[in-house]
Structures are given as structure tokens and as C-alpha cells.
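The next block holds one structure in the form of C-alpha cells; read it before the comments.
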Amino acid sequence: SQELEQSPQSLIVQEGKNLTINCTSSKTLYGLYWYKQKYGEGLIFLMMLQKGGEEKSHEKITAKLDEKKQQSSLHITASQPSHAGIYLCGADLNSGYALNFGKGTSLLVTP
Amino acid sequence: EPEVTQTPSHQVTQMGQEVILRCVPISNHLYFYWYRQILGQKVEFLVSFYNNEISEKSEIFDDQFSVERPDGSNFTLKIRSTKLEDSAMYFCASRAGGPIQYFGAGTRLSVL
Numbered sequence: 001s002q003e004l005e006q007s008p009q010s011l012i013v014q015e016g017k018n019l020t021i022n023c024t025s026s027k028t029l030y031g032l033y034w035y036k037q038k039y040g041e042g043l044i045f046l047m048m049l050q051k052g053g054e055e056k057s058h059e060k061i062t063a064k065l066d067e068k069k070q071q072s073s074l075h076i077t078a079s080q081p082s083h084a085g086i087y088l089c090g091a092d093l094n095s096g097y098a099l100n101f102g103k104g105t106s107l108l109v110t111p
Numbered sequence: 112e113p114e115v116t117q118t119p120s121h122q123v124t125q126m127g128q129e130v131i132l133r134c135v136p137i138s139n140h141l142y143f144y145w146y147r148q149i150l151g152q153k154v155e156f157l158v159s160f161y162n163n164e165i166s167e168k169s170e171i172f173d174d175q176f177s178v179e180r181p182d183g184s185n186f187t188l189k190i191r192s193t194k195l196e197d198s199a200m201y202f203c204a205s206r207a208g209g210p211i212q213y214f215g216a217g218t219r220l221s222v223l
């Protein structure tokens, strides 16, 4: 079965700083999804990557899928308190798009 | 903006009791999912549902669990006889024809 390892497990950064979260798969990724989890709000979809070398951005968040399609990174530029939460990477388990998730990276942004 | 709605937000039950967790997926979505997250652990896939039948299920989804789409809007997860280890956050998700799933806010199930 596929394992998704996220690093770091937790992160505390000062507001305005940049940060990167990594997601490494034990198998080739065919669909990689980034979600953000906040208490009471469930999982909020951020981005989906499918092609090796693909890079997507939304506001100050950029996600990349490496050429070999076994690792993805999520980069936040000039972090803000609103970026705080748990970032989850997920990958397609099967053709029905059921997702296998990593354990998450908890982000705290301090003033 | 359309969203997945789950009720109740918190359910407390006694061990051995039946519970039904309810979800209203986004209205034009065709594929429905349940996931759970035990406290401190990762989000785990339970079951997917399409065209009024189960498409896929994980090892977690044993005979104690069942899903149903009783009408055109609701999607339910039933646990027949709850155990302490069923205590978790349960998330419903739905998608249209594309791959992106949209999740509800979850139901926290506490089994005493």
C-alpha cells in the first residue's frame, strides 16, 4: 500500500516568513492533492497536481510535483496568521479517487 | 458557494448503540465518500458510493457500517453497534465528474 510521509510534522514561523512543507510517496503519484484542515471547517481543498514537474499557485501558496512524481512540496510566501492550520497531502488510492492522506503538518504563524 | 453539510456536528452515544451520521452533498455531485479521523491520526478512507451502490470500501468498513442515499439529497453512514474505537471525526465528501473532492466540516462521534 502507498504511504505518504509529510515533513515537518509541525512548524512555527514568524509572520512574514516563508516556509515549505514536503510530501513524499512510497509509490508514483498519479494525483496529488493539498488540503488545509481547520477545526470546525473540515478539509478545504487547495490544489491538485497530476503531471510531473507541474506547479500551481494560489495567492501566496505554491505547490509542485517533482518530475519523478514521488514528492510534492507546498511553499507559502510571506506567511500570515490566516495560513495557520494543518496541511494534508492526499493521493488517489484507486481509480475511484478515494484518497490516502499523510498525517499532516501543523502550521502556527506567530505575530 | 455550494458546500457539503454534515449533521450533527457532535454526536455522543453509548457503546452498543446505533448511530446515523448525515450528510448533504453538493447538489450536482454524483460521487460520495466517507472518511474518518481518529484523534491524533491521519484521515482514513472508509467508503465511496456512486449510482446507489458502494464503489470501493476499505478494510475499516466492516459489517458494522452501512451507507445509504435515502433520497435525492442525503447520504448517510450508519454504525450498527458502536464500539469505543469508533470514536472519531467522520467526514463526508462529494465530487462531480472530476477528481476533486469537497469535504464537510465533519461529525465528531464520541462513544462512551
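As you go down the protein sequences, you meet chains A and B in turn. Letter by letter, the first sequence follows residues 1 to 111 of my numbering. Letter by letter, the second sequence follows residues 112 to 223 of my numbering. Idealized CB from N, CA, C, for every residue including glycine. Quick caveat: nothing in here was measured; it's all calculated off a predicted structure.
Smallest Cα separation from residue i: which of the options?
| i | options | result |
| --- | --- | --- |
| threonine 62 of chain A | A:Asn94, A:Tyr35, A:Lys68 and A:Leu43 | A:Tyr35 |
| tyrosine 33 of chain A | A:Lys64, A:Gly85, A:Ser1 and A:Gln80 | A:Lys64 |
| glutamate 54 of chain A | A:Lys60, A:Glu41, A:Gln70 and A:Leu43 | A:Gln70 |
| serine 79 of chain A | A:Val13, A:Asn22 and A:Gly102 | A:Val13 |
| tyrosine 30 of chain A | A:Leu93, A:Thr105, A:Gly102 and A:Gly104 | A:Leu93 |
| threonine 77 of chain A | A:Gly16, A:Glu5, A:Gln9 and A:Leu11 | A:Gly16 |
| isoleucine 211 of chain B | A:Thr24, A:Leu43, A:Ser72 and A:Tyr39 | A:Leu43 |
Roughly how far, in whole angstroms, is the beta-carbon of residue i from the beta-carbon of residue j, given that I think they are within contact range, below 8 Å?
| i | j | result |
| --- | --- | --- |
| glutamate 129 of chain B | serine 198 of chain B | Their Cβ separation, rounded to whole angstroms, is 15 Å, which puts glutamate 129 of chain B and serine 198 of chain B out of contact at 8 Å. |
| histidine 58 of chain A | asparagine 18 of chain A | Not really, about 16 Å apart at Cβ, beyond 8 Å. |
| leucine 220 of chain B | glutamine 122 of chain B | 5 Å |
| glycine 215 of chain B | cysteine 134 of chain B | 6 Å |
| alanine 84 of chain A | leucine 107 of chain A | 6 Å |
| asparagine 139 of chain B | alanine 204 of chain B | Actually they do not touch by this definition, with Cβ atoms about 15 Å apart. |
| isoleucine 137 of chain B | tyrosine 213 of chain B | 6 Å |
For residue i, go through chain C and note every residue whose CB falls closer than 9 Å to its CB, in chain order.
| i | result |
| --- | --- |
| leucine 88 of chain A | Among the protein chains of the structure shown, namely A and B, there is no chain C. |
Return the CA-CA distance between residue i and residue j, expressed in angstroms with no decimal places.
| i | j | result |
| --- | --- | --- |
| threonine 110 of chain A | asparagine 162 of chain B | 47 Å |
| lysine 68 of chain A | leucine 49 of chain A | 13 Å |
| phenylalanine 45 of chain A | serine 7 of chain A | 19 Å |
| tyrosine 146 of chain B | valine 154 of chain B | 7 Å |
| lysine 56 of chain A | threonine 20 of chain A | 14 Å |
Can you find the residues in the same chain that come closer than 7 Å, C-beta to C-beta, to residue i, ignoring five residues on each side of it along the sequence?
| i | result |
| --- | --- |
| serine 26 of chain A | Gln2 and Glu3 |
| tyrosine 87 of chain A | Ile21, Trp34, Lys36, Leu74, Gly104, Thr105 and Leu107 |
If I measure Cβ to Cβ from residue i and keep anything under 6 Å in the same chain, skipping five residues before and after, which residues do I get?
| i | result |
| --- | --- |
| lysine 168 of chain B | Val158 |
| isoleucine 149 of chain B | Ala199 |
Excluding sequence positions up to five away, which residues of its chain have a Cβ less than 8 Å from the Cβ of residue i?
| i | result |
| --- | --- |
| serine 120 of chain B | Ala216, Gly217, Thr218 and Arg219 |
### Message
My parser needs the beta strand (DSSP E) runs of 3 or more residues fully inside the region 25 to 84 of chain A; what are they?
### Response
Counting only runs of 3 or more, we get 32 to 38, 42 to 49, 55 to 58, 61 to 65 and 71 to 76.
### Query
Mind pulling the beta strand (DSSP E) runs of 3 or more residues that sit fully within the region 185 to 220 of chain B?
186 to 190 and 199 to 206
### Query
Can you give, in chain order, each stretch of the beta strand (DSSP E) that sits fully within the region 130 to 194 of chain B and has at least 3 residues?
130 to 135, 142 to 148, 154 to 161, 164 to 168, 176 to 179 and 186 to 190, all fully within the region 130 to 194 of chain B.
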